[in-house]
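Going letter by letter, the sequence shown gives residues 3 to 161 in the working numbering.
Below you'll find the structure, written out as structure tokens, and then a few comments.
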Amino acid sequence: MRLTVLAAALSIAAPVAAFAGPASNAVKFFYVPEVKFEADAKYRDRFTEPVTKLFALNDQAAKNLPDEVPCIDFAPGLDAQDYDEKTVAKTLKLAETLDGDSAEVTATFNLFPEGDDSKREMVWSLRKIDGQWKIADITSKTSGWTLSALECLAGQAPE
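Given below as structure tokens:
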């Protein structure tokens, strides 16, 4: 009897475990146990083009104009500046779709315990490079923007 219950439980759990995998883990890193700022230089090895170009421009803007806000003045993975860390961790759900060496991970979560405007849906595009999932782009389904499409004019030299 116990084996039957265990087998049934494992058969139900197995598809869920297969649904979230290494690509999801690459995204989950930025949400829990604490939210991390994607543009931070110490996480740069987790990304690839086209967003690395934007990050380089953001770094250049911060260096050239230290008294001004650089190009990325919010947490791209949250589509926000303000959030409640516990609420993000508690409500985070990841859904992964794979296509060979490409993946999309959709992260849904709330920024705060209350308020309809705190719901977020973010789509992370990843590519497998040398066996590691790297983030190529982040899209906010909530607000309709894509990170690689954001302009960073402050980091560019005048023409």
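Each residue gets a CB set at the ideal place from its N, CA and C atoms; glycine is no exception.
- Under the 10 Å beta carbon count, K136 is surrounded by 16 or more other beta carbons and is classified as buried.
- The residue from L152, G79, F49 with its alpha-carbon nearest to that of A138 is F49.
- In this structure, N112 places its C-beta atom within 9 Å of the C-beta atom of T89.
- For V90, the enclosing alpha helix (DSSP H) begins and ends at 87-93.
- The beta carbon of T93 is closer than 7 Å to those of F111, N112 in its chain, skipping five residues each way along the sequence.
- Relative to the Cα of L96, the nearest Cα in the group G79, D103, Y85 belongs to G79.
- Pairing V29 with V107 gives a Cβ-Cβ distance under 9 Å.
- For T144, there is no enclosing alpha helix (DSSP H), as DSSP marks it with neither H nor E.
- DSSP, read as helix, strand or coil, puts L100 in strand.
- Rounded to the nearest whole angstrom, the C-alpha separation of E70 and G133 is 39 Å.
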